Every structure is written in C-alpha cells, then in structure tokens.
Amino acid sequence: MKKALYLAAFLAIVSGLAGGILAGVYQLTAPIISEQATIAVKANLQKIFPTATEYKVVTFTDDTKLITDVYEAVGAGYAYKVTVTGYKDVITFIVGISNDAKIVGFDVLSINDTPGIGQRVGTEEFSKGVIGKGSTDAISTLSGATISSTAVVKGINAAKAHFNALKKITDTGSSTADPVVTVTLGSAIKLFDTITTTPVGEVTNKVVEGDITTYTVSSKGYAVLESEHDSNPKPNIIIVKIDTVKKQIVSVTFSEFHDTKNVGDKANTDTFLKQYAGLSTADTAISVDTVSGATFTSVSVNRAVRAAIESK
Amino acid sequence: MEKLFALFMTAFLINNVVLTKFLGICPLLGVSKNRSSALGMGAAVIFTIVGSSIFTYGLYYGILKPMHLEYMNLITFILVIAGFVQFVEMFMKKYSTVLYKALGIYLPLITTNCVVLYVALQNITDNLNFVEMLVYSVAVPAGFALVLYIFSTIRERLEISTTPKPFIGNPIVLIVAALCALAFSGLAGLV
Amino acid sequence: MNKMKKFFRSLVLDNPVFGLFLGTCSTLAITTNLNNAFGMGVSVIVILTLSNVLISAIRKITPDEIRIPVYIVVIATLVKSVELLIKAYTPELDTALGVFIPLIVVNCIILGRAEAYASKNGILASAKDGIMMGLAYTLSLTVMSLIRQIVATGTLSLSNPFNNVVLFNISLFAKEFTISMFSQPVGAFLTFALLAAAVAAYRISVEDKAKKEAK
C-alpha cells in the first residue's frame with residue numbers, strides 16, 4: 000500500500016512539474032500564436048480599414064455557423080471572414096462594416112464557381128451593390144448567378160446581424176429576410192416560334208365558363224428536358240385563361256412548378272406572367288420577353304399557352 | 000444520417016488511416032504475419048480506440064477546456080491511452096490467454112500506435128459531436144484492421160514465394176503497401 | 000579509415016528508419032520536400048536529446064514500476080513545448096507537418112532510446128546518443144525527401160522557416176519528366192521500400208563478407 004502511494008505521488012509530482020513548465024511555455028507563445036492568426040488576414044484587413052493601426056481577434060457566437068472569424072479594426076470597424084457554400088464549392092470572403100454602420104469593404108478570398116456566372120460574385124458588378132450599403136439595408140442577388148449570390152448575401156446578412164447586435168442597432172428585418180431576388184427580362188420569344196413546336200404542351204383539362212375558357216396544360220420544362228439532377232422530373236402545370244370572344248389571353252399562372260428552385264421560378268413571378276395578359280390569340284406574332292437565366296422555364300410557359308390557343 | 004454514413008466511409012476507406020495517412024505502420028509491419036494475430040490485433044485496436052476516445056473526449060470537454068488548460072491535452076491524452084491499454088492488457092491476460100500470448104510485446108505497444116493518439120486528437124480538432132466522435136472512433140481503427148487483415152493474407156502467400164533477398168521481410172511488405180495505396184486511391188470518388 | 004568505415008556502416012545498418020523500422024509513420028508522411036525533412040528532423044533532434052538528458056538525470060530516483068508513464072510525461076511535455084514554439088515562430092512548418100508534430104510523442108525512436116539507453120547511462124553519454132540518433136533520423140528523412148521531391152517535381156528548394164525567404168530553388172529537369180506519383184502515398188511506400196531494400200542488401204553483403212572471412 001505504501002509503495003503504491005509512493006508511486007502515485009511520484010507520478011503526480013512529475014506531472015505537476017511538467018504542467019508547470021508547459022504553462023510557462025504556453026504563456027510565452029500564446030500571444031505570438033494569436034498574432035499569427037491576424038497576420039494572415041492582415042493584408043485584407045488593411046485594404047478595408049486602411050486607417051486602423053491595430054487589429055484584434057474577437058470571440059463571437061454565430062448561430063448560422065457561416066462566420067469563421069471576427070476581427071476588430073480598432074477605431075474603425077469590424078471585419079468578418081465568412082464561408083458559404085456556393086454553386087460548386089465553398090466561397091470565402093471578408094466583409095467590413097465601419098463603426099458608423101456602413102459596409103465599407105467586400106473581398107472574395109476564394110471562389111471556385113463557374114467563370115462568367117457564379118464567379119461574378121467576386122467582381123465589381125456584385126461588390127458595387129454591397130459596398131456603401133448600411134448595416135440594415137437589404138442586398139440584392141445577382142440575376143443569373145442566383146445560387147452563388149444568394150449564398151453570399153446570406154453570409155453578409157449573418158455578419159450584419161452580429162454587427163447590429165453588437166452595436167445594438169435594431170434591424171427592421173432586412174437582414175434576416177430572404178435575399179431579394181431580382182427578375183430581369185431578356186430576349187423576346189414568339190409564342191408560335193419553332194422552339195415551342197415540340198415538345199407540345201398537353202392540355203389535360205378544359206373548363207368553359209361563358210366567355211372564359213380555362214385550360215390546364217402540362218408542359219415539359221427544364222427539369223424534364225435538361226436537368227440531370229432530377230431522378231423523377233415532372234413537367235410544369237400551367238393554367239391558361241383565354242377569353243374566347245375577345246380572342247385574348249386573360250391570365251397565365253402556374254399550378255405546379257417543378258423546375259429549379261431559385262432559378263426557374265423567377266418565371267413564376269408577376270413581372271413575367273403579366274406580359275401574357277391582353278395578348279391576342281389570333282395574332283401569330285405575339286411574343287413575351289423570357290426571364291434572363293430562366294429561359295427553359297419561360298419557354299415551357301410559352302409552349303403551354305400555345306397548346307391552349309391551338310387546342311380545339 | 001447521411002452525414003454519419005459519409006463520415007464513416009471516408010474514415011474507413013477513402014482516407015484510410017494506414018494507406019493515405021501513414022499511421023500505424025509499425026504494428027502493420029510487426030503483426031501482419033498471419034491472419035489470426037492480425038484479427039486479434041485489429042479487434043484490440045478498435046476496442047482501445049473507442050474506449051480511449053470516449054475518455055479523452057470527456058476529459059477535454061469536461062475538464063481541460065473549462066479550465067483553459069487545452070495545452071495539457073497531449074500529456075493527459077497519452078496518459079489516458081497508456082492507462083487504458085494497461086487495462087486491456089490485464090483484461091486479455093485473464094480472459095484470453097491465447098490471444099495475449101500471440102500478441103506478445105505488441106499489446107503494450109498499442110500505446111505508441113500513432114492511430115490511437117491520432118483519433119483522440121482529431122476528435123477535438125474536427126469539432127465532432129459525441130455521436131460523430133463514436134462513428135469516427137469505430138471507422139478509423141476498422142480501416143486499420145481491414146488493411147492489417149488484407150496484409151496478413153498477402154503475407155501468408157509471400158512466405159512461400161521467392162522474394163529477392165534484399166526485399167525479404169519489411170521491404171516487400173512496403174511494396175505491397177504501395178500497391179494497396181494505389182488501389183485505395185481509386186476509391187476517392189465513392190462518396 | 001577503419002573508424003570512418005565503421006561509423007558509416009553503423010549509420011546505414013543501425014539506421015533507425017531503414018534498418019530498424021522505427022519512426023516510419025512520420026517518415027512516410029512528411030518527406031515530400033526538404034523543408035519538411037529539416038523541420039521535422041531538427042524537432043526530433045531537440046526533443047530526443049533533451050528527453051535523453053532529462054530521463055538520464057532522473058534515472059536513479061525513478062521507481063521502476065512507473066518508469067514508462069514518467070518517460071511519457073517528460074516526452075509529451077517536450078513535444079507540446081516544441082509544438083507551441085513551432086506554432087508561434089514558424090507557422091508554415093506547423094501547417095506543413097500538421098498532426099505529425101504532436102505525434103512525435105509516439106515516435107518509437109524517442110521512447111525506445113529512453114528505455115534502452117538513457118535509463119541506463121550518464122547524462123553526457125545520453126545526450127550524445129540523442130544527438131547521434133537524431134542526426135541519423137534527419138539524414139534518413141533528408142535522403143527520402145531528396146528522392147521524392149526531385150522525382151515528383153523536378154526541382155529542389157529550401158526556404159528559411161522563420162521568415163519564408165527562399166534559400167535556393169534549383170530546377171533539375173523539365174516538368175514533363177516528373178513522376179508526380181512520388182508525392183502521393185504510393186510513391187512514399189515505394190521509395191521507403193527501395194531504400195529499406197538497399198540497406199538490407201548492404202547488410203547481406205556485409206554478412207556474406209564476414210562469413211567468408213570467418214572461414
């Protein structure tokens with residue numbers, strides 16, 4: 000028993016000494032190690048806050064888990080290193096918010112998305128819509144680079160949320176709302192264009208109520224024709240209301256949308272669908288402007304309307 | 000659930016601890032001579048890693064982190080591992096003397112098996128939660144056991160074939176390892 | 000001349016890595032370039048020498064039953080200190096060597112020498128043993144890195160780990176002739192196997208010569 004106690008005591012003393020020495024080394028190296036962390040990002044921080052002389056690492060909590068690091072540029076503002084998942088790979092960027100609640104810097108550190116499409120998030124085209132905005136203003140996504148820009152905007156919103164919480168600025172909800180998706184209309188395609196000849200839309204239902212006939216049309220869209228992701232792609236179901244007396248389209252709406260979320264459903268917006276209202280069904284030259292970045296879905300709507308018009 | 004499966008397959012096959020991370024080579028060279036000792040060692044290592052991982056994980060998040068003593072992780076982990084291996088040794092001596100004799104000196108050497116300390120450290124570095132930690136602690140040594148078993152079967156055949164003199168023993172095993180590494184690197188697209 | 004030959008012979012045949020197969024894990028993992036080899040080699044020399052010295056110093060008062068845990072505590076403290084110093088002063092080396100710095104704790108060479116030599120010999124002798132073994136290990140790492148880096152990239156380069164200033168960067172042959180497989184696990188095992196076989200061949204020729212002389 001005595002021997003065992005002696006052994007345990009010896010080991011404890013050795014461990015205690017070891018711990019003490021290690022604590023000493025740790026005290027010596029800890030400040031240098033934490034400085035190393037800022038040195039790596041320092042160049043970027045300097046670009047965003049050139050007037051600041053001291054940068055400190057800030058401990059933070061972030062429920063979105065998008066923010067990886069927070070730095071305080073003493074006297075100037077806060078910089079956030081954010082990592083989000085873009086279309087193909089992760090996107091890492093730094094966003095700087097000045098002490099007077101304005102976004103003063105936005106720098107993409109690494110991005111691997113499609114050049115000319117997702118990569119536009121790293122260009123001035125996107126950053127000019129970010130820099131200068133206040134910490135409670137909403138930021139628009141890029142039309143045609145929806146997935147990448149939506150991810151980045153979500154990341155910026157997370158940074159804004161932390162900043163606003165820190166500075167106790169109440170946000171009207173612009174930062175937490177889903178990013179505003181811009182719908183731009185592109186080139187016009189005639190309803191009776193060759194592109195809408197096949198595949199034809201299938202009229203599955205026809206209801207006559209006086210002057211107005213309502214057609215339910217099933218039309219193959221992006222999911223069925225192009226997408227390789229879908230294991231069970233479905234066509235879009237579109238409701239076309241036609242005034243058979245005035246020979247005019249009354250309205251076109253989606254009953255079922257099965258194309259790509261956040262991409263094709265830009266065609267399921269007022270901006271696009273209201274174009275159909277009032278078009279003459281006797282005119283073979285009628286056309287609508289397709290949604291930029293959602294051409295397939297727009298054309299599928301055209302096919303549906305054409306099928307409705309041509310059905311007997 | 001999908002995430003756990005991907006975690007398991009990655010640790011088990013794709014980032015196989017022996018063939019891609021070069022850990023556990025010493026026991027590989029030492030114990031893979033025949034199938035039964037390979038299986039025994041594999042089982043012992045899996046048990047040791049799961050057990051010591053649970054203890055080191057608890058130790059880190061229960062004591063070290065709250066007391067800001069993270070830098071003591073290396074000393075405490077290795078002591079926990081050494082203690083656990085000692086316990087496994089005593090257990091085996093009592094209940095499976097055959098296996099104990101077969102593994103011989105290699106049983107206490109599990110303490111210096113890089114894989115054990117590696118898993119204990121990675122559980123912390125990768126910020127795994129408790130369930131992920133359990134999955135990882137089973138997957139990694141299972142990968143080690145798999146390679147150990149494959150090697151033992153190959154080595155049994157090598158015994159009766161004519162190997163060039165300088166290659167007899169460890170060098171030819173390393174050539175086999177090179178070929179296995181090449182084969183396993185093809186699994187990269189699995190998950 | 001004989002002394003030189005003897006020294007060379009023992010360096011090759013009792014080589015901890017290719018002769019005795021100790022410390023193989025780190026050898027295979029980090030020998031992709033010279034920087035890593037020197038960084039790891041120097042770390043091991045420092046840790047091995049200090050651990051030999053410390054263990055030799057306390058060998059007379061350490062109870063036999065707990066000597067292994069005590070050695071482990073000493074080695075772990077040294078390794079962690081070196082790790083913190085590397086993180087602070089040469090962060091690129093830290094990223095390059097990664098988890099293999101803390102894994103020096105379970106490098107069989109260090110515990111092996113502590114048990115086999117330092118626990119039985121004086122401080123100065125143990126220090127010398129530590130330095131010699133460490134140098135042999137570093138030499139093995141260097142040879143393997145030279146082969147792997149030259150074959151895989153066609154260039155040989157070295158930079159100062161403290162400030163990343165490139166000391167030299169020689170391009171030996173065009174990129175088309177490089178076998179990039181050598182920077183992968185396959186190449187690591189292959190190079191190791193060939194070097195180990197070379198050492199074994201040398202050992203066989205030495206033994207054959209000794210047998211002939213004995214006749």
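Protein chains in written order, with numbering that gives the first Met the number 0: chain A, 0 to 311; chain B, 0 to 190; chain C, 0 to 214. Glycine is no exception: its CB is placed at the ideal position from the N, C-alpha and C atoms. The structure presented is a predicted model; accordingly, all values stated were derived computationally and were not measured.
- Using a Cβ-Cβ cut-off of 9 Å, glycine 18/A counts as an interface residue toward chain B, since at least one Cβ of chain B sits closer than that to its own.
- Tyrosine 221/A has its alpha-carbon roughly 8 Å from the corresponding atom of threonine 259/A.
- Nearest C-alpha to phenylalanine 162/A among Asp136/A, Gly185/A, Ile238/A and Ser218/A: Asp136/A.
- For isoleucine 178/C, the secondary structure class from DSSP, reduced to helix, strand or coil, is coil.
- A straight line joining the alpha-carbon of leucine 189/C with that of methionine 39/C spans about 21 Å.
- Under the 9 Å criterion on CB atoms, isoleucine 62/B is classed as non-interfacial with respect to chain C.
- Within chain C, Pro101, Leu102, Val104 and Val105 have C-beta atoms less than 8 Å from the C-beta of leucine 116/B, given in sequence order.
- The beta strand (DSSP E) runs lying completely inside the segment 82-120 of chain A and spanning 3 residues or more are 89-97 and 102-109, given in chain order.
- Using a C-beta cut-off of 8 Å, the segment 96-111 of chain C makes contact with the segment 44-51 of chain C, since at least three inter-stretch Cβ pairs fall below that distance.
- Assignment of valine 17/B by DSSP, reduced to helix, strand and coil, places it in the coil class.
- Note on proline 65/B: under 16 other CB atoms within 10 angstroms of its CB, so exposed under the neighbour-count rule.
- The beta carbon of threonine 28/A falls within 9 Å of a beta carbon belonging to chain C, placing the residue at that interface.
- The beta carbon of tyrosine 59/B does not come within 9 Å of any beta carbon belonging to chain A, so the residue lies off that interface.
- For the pair threonine 47/B and valine 84/B, the Cα-to-Cα distance works out to about 7 Å.
- Here glutamine 26/A is exposed: its Cβ has fewer than 16 other Cβ atoms, across all protein chains shown, within 10 Å.
- Taking a Cβ-Cβ threshold of 8 Å, the residues of chain C close to tyrosine 25/A are Leu83, in chain order.
- Between valine 30/B and tyrosine 117/B, the CB-CB gap reaches or exceeds 9 Å.
- Under the three-state reduction of DSSP, isoleucine 169/C is assigned to strand.
- Inclusion of threonine 91/A and lysine 80/A in the CB contact set at 9 Å is warranted, their separation being smaller than that value.
- Excluding the 5 residues flanking it on each side, isoleucine 169/C has same chain C-beta neighbours closer than 6 Å at Leu155, in chain order.
- Among the residues of the segment 73-95 of chain B, those with a Cβ less than 7 Å away from any Cβ of chain A are Ile74, in the order of the chain.
- Of all residues in the segment 119-148 of chain B, none comes within less than 8 Å of chain A when Cβ atoms are compared.
- When DSSP states are grouped into helix, strand and coil, threonine 61/C belongs to the coil group.
- For phenylalanine 256/A, the closest of Gln247/A, Asp269/A and Pro234/A by C-alpha to C-alpha distance is Pro234/A.
- Secondary structure note for isoleucine 100/C: it is in no beta strand (DSSP E), with a DSSP letter that is neither H nor E.
- Out of Ser230/A, Ser14/A, Ser217/A and Ile110/A, the CA that lies nearest to the CA of valine 199/A is found in Ser217/A.
- Here the segment 125-137 of chain B makes contact with the segment 36-53 of chain B; the two share three or more CB pairs at distances below 8 Å.
- Taking C-beta atoms as the reference points, valine 185/C and serine 136/B fail to come closer than 9 Å.
- When DSSP states are grouped into helix, strand and coil, isoleucine 66/A belongs to the strand group.
- Considering only beta carbons, the part of the segment 202-213 of chain C lying closer than 8 Å to chain B consists of Ile203, in chain order.
- A Cβ-Cβ separation of about 6 Å places alanine 17/A in contact with isoleucine 74/B under the 8 Å criterion.
- For lysine 92/B and tyrosine 99/B, the gap between their C-alpha atoms comes out near 6 Å.
- Between the segment 70-84 of chain C and the segment 174-184 of chain C, the count of C-beta pairs closer than 8 Å stays below three; the two stretches do not touch.
- A Cβ-Cβ contact shorter than 9 Å links lysine 240/A with threonine 213/A.
- Excluding its 5 nearest sequence neighbours in each direction, phenylalanine 167/C has C-beta neighbours in its own chain below 8 Å: Leu155, Ser156 and Leu157, listed in chain order.
- The shortest C-alpha to C-alpha distance from glutamine 118/A to any of Ile146/A, Leu165/A, Asn301/A and Gln45/A is the one to Ile146/A.
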